[in-house]
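All remarks here apply to the structure that follows.
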Amino acid sequence: MHRLNIYALCALAFHSLAVFASQASEHDTSVLAKEAARANNQSLLWGPYKPNLYFGVRPRIANSLFAGLMWANVDDYGTAQQNFRHTCEQNEGMAGYGWDEYDIRKGGRQTIHDAGNSVDMTIDFVKVPGGQHGGSWAARVKGVPRDDAPPDQSTSVIFYAALEGLGDLGVETEVDPRGFEDNVKLAGSTLDLGDFAIDVTAGPASNEHPEHTHPTWEDKPLDRTFVSSATMPPEHLWQTKVIMFAQMKNEINQCIEKYGADDPPPAPQVFTIPHHPGDGNIHLVQKVFKGAFEFDILFSSGSAPKPLTSESVTAEIESASLSFSDRFEKVFSPQSPFDSAEYSQFSKSMLSNLVGGIGFFHGTDVVDRSAAPEYDEENEGFWEETEEARARARPIFEGPKDLFTSVPSRPFFPRGFLWDEGFHLIPVVDYDTSLALEIVKSWINLMDEDGWIAREQILGAEARSKVPPEFTVQYPHYANPPTLFIILEAFIDKLDAKKNISTEELGGDVLDSLRSGYVQEKELGEAYIRSIYPLLKRHYFWYRKTQYGDVKSYDREAFSTREAYRWRGRSIQHILTSGIDDYPRAQPPHPGELHVDLISWMGMMTRALRRIAEAVGETEDVEEFKVYETAIERNIDDLHWDDEAQTYCDATIDEFEESVHVCHKGYISLMPFLTGMLGPESPRLKAILDLIADPEELWSDYGIRSLSQKDEFYGTAENYWRSPIWVNINYLVLKSLYDLALQEGPHQEQAREMYSSLRRNLVENVFENWKETGFAWEQYNPDTGKGQRTQHFTGWTSMVVKMMSMPDLPAGGNKGHDEL
C-alpha cells in the first residue's frame, strides 16, 4: 500500500502544482516547481550510483551511506586474492556483464558472467518507496557456477556498508563469537536518511557451505557469516578492497603462524576476514558458499510503513520487471526490421546499461586558474608557449562539487564527460524526461561565474584514481561541443507539441507522471526552463568570448566579422577539446585557424537558445539570437565551403598570410548538416549527401567512417578518429537523413534510401558484436565491423536503442549501398 501512496502523492503533486501554476504569479510558479522537483527527487534518491563498481549503492547525498559487493572463487591459494571483484575492469576475464533490465525509479536486474571466477552472478536491485527519506531498497544476490566449473566450487561474497559523514552505524544482531548463523542486522542513523536498518539474510535452505576439512581450524566454521567492523578515516573508505585485504591479511598471518606453511587449512577457510562485529563507519559482512547460492540485502528506512522482507522483495522484483517492459514497449519498441525478440532483448540491455551507468559524484576537482596570457593562443608557435605555461602552473583543488551524470564506460571512463552527456541523454529524454532534465541541471549547476563548465568531471580521490595525473587538470578556457543544448531543444519540442498525456492514457502507471511531469504540465516545464535560462545565457556568452576566431586580421570575406570560432587547447596532433581528438587539422597550428565543427556547434547552440528564449518570453533576447543565428549560417558557407573540394573545411593562414582551406573529408565536413544548419534547399546539400554515400570516401558496410579513405591521414598514427566508426556521430547522420527524408525537396528520395541502409548497417553491426563478445564497444572497425578500444562502452553506443525505435522507411538498395 505504501508504494501506491507515495507514487500517487508524487503524481498528484505534479498535477496539483501545475493547476496552481497556471493561475499563479511567476514567483509562486517557481516555488511550486521546486516542490515538484522535491517530489521527483524522492523517486531518484537511491540507486546503484557508484557505476565504477560491479555493484555499488548510494543516495544522491554527499558524505553519506554507501554499500557494495566483492566476491571471488576461493578454492585455490594461488588465485584467490587476485580474483576478488570490486571495481569494473577491462582485464578480469569477464564474458559480459551489465543490466538486463533497469529503470532508475524501480530497479532491475544485472547479470555478471564472471568467467575468471567461473561463476555467473545475478543481482536484482529494487526500490520500495515509503516514508520521508527516499524509501527502502533491496538487492537479491545469486551465484551459479558456470558450465566449466565444479558444481561445489567455493565462492566468497563480501557485502559492505560504510558511512562517510556524520551519523551512526553498527551491528545490532547479538554477537556470536564464531560468526552469525542467521541474518545479520546493521542499524544506523543520519540527518538526511533518518533511522535505517540493513538486513543481510542467511538466504534459503538450499545454500551450502564448504565443510570443515582441517581438524584444528574449528573456530572458523564456514556455515557462519563473519562481520568485521572498523572505524577508518572517511577519506579512505572508498578503498574498500584495500581495507578488506588488510583485515584478511591479519587472519592469513595468524593462520600461518599457528599451523605453518606446510599444513594450512583450505583456502576458503583462510581467505576470511576477522569476526569482530560492533560499531564503526565501515562493516564487512562475509559469506562463503559451496556451489550455487542466494541471499538478500534489505535496506529499510525507519520512516517507511514497515521493513522489507525477502517475501516482499520477491514481489517487488516481479513488479520492477513488468514495469520496465511496459514502459520500454511504449517508448522504444524496436521497429522493422528489428521487431524480433532478440533485438528487443538487445535494446532493453543497451538502454538499461545506459541508465544503470548513471552515478552521483562528490568531491573536489583540480583546476588551473592561472589565466596565463599564453592560454589565449594568439602567437605563432602558441602550442609550445601553452605547454610551458601549463608546466609552471600551480593547479588548485576546487569544491567540493556534486554531479549526477551517466558515464561513457563503467570500467574505463567512470566519470562525467560534458559532450558525451548530451548524446547519453538523447534516449533518456524520451524514456524519462524528468530524469534527463535533472541531469542537465546538475551539469549546469557546475558552471563558474564566467560561464565555464569543465569538460571532464573528475570529482574526488576515487574518480582521480582512474585518471593519469597529467589528464586530471581542467582549464577554464577549454570548451567542448555543447551537446546538452540538443537535449534542451528536444525538451522544447516536447513542450511545443503540448503532449499533455494523462496518467490513464499512459496505462495507469503513476510513475509516468514523474517521468513526464514537466511535459504533461507545460507550466512546470516552462518554470524549469526559466530557472536555468540565466545560466544558459552565461554559458553561451562564455563560448563566444573564449572560443572566438579571427576574421578581421586576415581580410577574410564573410557576411559577419564576428561569427567565426576556434577551439582552444590545440596541440600539433590533437584538439582534445573538440571531442574528435586526433582528427587531421591544419599543419602547423596557427592562431588564425577557424574550425568548421565549432561554428556548426555554435549555430546549433544559438538556435536552441533562441527557442528557449521564445519559450520563456524573452523577446529582446530572441531578436538578438536571431541575428547571431543568421550570421553563423551565412558564415559557415562564406568561411568554410570549398568549391574545389565540394565540402566544408577548416580554414588557416598560409605562409603568405592568406586564408586558405584545409580539407580533410570526414566528420567535421558533415557538421553543418548534422547540427541542422543546412536547410533542405541548400545548394551544398547534394555534395554532402554524395560524400556520405560514397564507399570510396565515408560509407562502409558498418556505418559512416570518421575520415575519408582517400585522405592521406586515413588510418594513421593513433587512428582514433581517423577511420573508425563512432555511433554518436552516426546517430546524427541518421537523424539528419531521417529529417530530410520527411521533407519535400530535391533530395528526399536519396535521403530516404541512405537512411534505410545506414540504420540497418549500424544496428546489425553493434548487435552482432554484442552477441559475440557480450559488450558494446567504444568504436567499430570500418573494414571488419569489429568492436574495438574500450569495452562495455554503454554510453553513446547505447544510442542504437533510439535507432531501432525509429521508423523503417522502405527503400531499395542493399548493405553495400551500390545503388547510391
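When you line the sequence shown up against mature numbering (1 follows the signal peptide of the UniProt record, and there is no 0), it's residues -24 to -1, 1 to 796, in that order. Built from N, CA and C at the ideal position, the CB exists for glycine as well.
> Taking the Cβ atom as the reference point for each residue, do Tyr451 and Val331 lie within a distance shorter than 9 Å?
Replying inline: no
Problem - Cβ distance (whole Å) where His566 is taken to contact Trp543 below 8 Å - result: 13 Å between Cβ atoms; not a contact.
**Sequence-distant residues of the same chain with beta carbon closer than 7 Å to Thr207, five excluded per side** = Gly256, Asn257
Exercise for review: Can you tell me the Cβ-Cβ gap for Ala562 and Thr628, rounded? I've got them flagged as a contact below 8 Å.
Suggested key: 4 Å
Measure the C-alpha to C-alpha separation of Trp428 and Glu356 and round it to an integer number of angstroms.
26 Å
**OP:** Kindly indicate which three-state DSSP category Ile(-19) falls into: helix, strand or coil?
**Re:** In this prediction, Ile(-19) has a pLDDT of 46, which is less than 50 and means its spatial position is unreliable; what the coordinates show is noted afterwards. DSSP places Ile(-19) in helix when its eight states are reduced to three.
Item to complete: For the segment 500 to 515 and the segment 316 to 325, state whether three or more C-beta atom pairs, one from each stretch, are separated by less than 8 Å.
Response: no
- Task: Kindly list the residues whose CB is nearer than 7 Å to the CB of Ile37, restricted to its own chain and excluding five residues on each side of it in sequence; keep chain order.
- Result: Asp168
Exercise. Since Ile612 contacts Thr582 with CB under 8 Å, what's their CB separation in whole angstroms?
Worked result: Not really, about 12 Å apart at Cβ, beyond 8 Å.
Inset, instruction - Examine the Cβ distances between the segment 261 to 274 and the segment 61 to 81 and report whether three or more of them are shorter than 8 Å. - result: no
Check: Quick one: is the Cβ of Pro283 within less than 8 Å of any heavy atom of the ligand MN?
Finding: Annotation note on the ligand MN: not contained in the displayed structure, which lists no ligands.
- Message: Please report the distance separating the alpha-carbon of Gly525 from that of Pro376.
- Response: 34 Å
#### Entry: Contact between the segment 645 to 655 and the segment 706 to 717 (3+ Cβ pairs under 8 Å)
yes
Less than 8 Å between the CB atoms is what I'm expecting for Ile415 and Leu401, so what's the real figure, rounded?
6 Å
Inter-residue Cα distance where the pair is Phe718 and Arg610:
The question names Phe, yet the displayed sequence has Leu at residue 718. In a straight line, the C-alpha of Leu718 is about 25 Å away from that of Arg610.
Excluding sequence positions up to five away, which residues of its chain have a Cβ less than 7 Å from the Cβ of Arg440?
Ile434, Thr448
Just to confirm, are Leu45 and Glu140 a CB contact at a threshold of 9 Å?
no
Q) If you draw a straight line from the alpha carbon of Asp128 to that of Ile134, how long is it in whole angstroms? A) 19 Å
As assigned by DSSP and simplified to three states, the class of Glu744: helix
**Q.** Closest Cα partner of Leu785 within the set Asp424, Val203, Tyr714
**A.** Tyr714
*Which value, in whole angstroms, describes the spacing of the CA atoms of His793 and His89?*
Low per-residue confidence applies at His793: pLDDT is 38, beneath 50, and the placement is therefore not dependable, though the value from the model is reported in the following sentence. Cα to Cα, His793 sits roughly 38 Å from His89.
(request) Evaluate the contact criterion for the segment 47 to 58 versus the segment 244 to 252: three or more CB pairs, one atom per stretch, below 8 Å. (result) yes
Next item on the list: State the Cα-Cα distance for the pair Ser576 and Arg765, rounded to the nearest angstrom.
Entry: 28 Å
Note to self: Can you tell me which residues form a DSSP beta bridge with Trp113?
What the structure shows: Lys103, Phe275
* Asked: Where does Leu169 fall in DSSP's three states?
  -> coil
Judging by CA-CA distance, which residue of Asp302, Asp619, Lys442, Pro659 is the nearest neighbour of His723? Pro659
Self-check item: Check whether Met775 and Pro458 have beta carbons under 9 Å apart
Solution: no
Exercise for review: Starting from the C-beta of Ser279, find all residues in its chain whose C-beta is less than 8 Å away, skip the five residues before and the five after it, and write them out in chain order.
Suggested key: Gly106, Gly107, Gln108, His109, Gly170, Asp171
Curious, which full-length alpha helix (DSSP H) runs of at least 4 residues does the segment 469 to 551 contain? 487 to 491, 493 to 496, 498 to 522
- Message: Taking only three categories from DSSP, how would you classify Arg154?
- Response: coil
Give the C-beta separation of Cys625 and Asp618 to the nearest angstrom, bearing in mind that I take them to be a contact with Cβ-Cβ under 8 Å. 5 Å
Practice prompt. Under 6 Å Cβ to Cβ from Ile334, same chain only, skipping five residues before and after it: list those, please.
Written response: Ser382
Discussion item. Looking at the secondary structure, which residues open and close the beta strand (DSSP E) in which Pro376 lies?
Written reply: 372 to 382
Exercise for the section: Enumerate, from N- to C-terminal direction, the unbroken beta strand (DSSP E) stretches of 3 or more residues contained entirely within the segment 199 to 284. Expected result: 202 to 206, 258 to 266, 269 to 277
DSSP three-state label for Glu361, please.
helix
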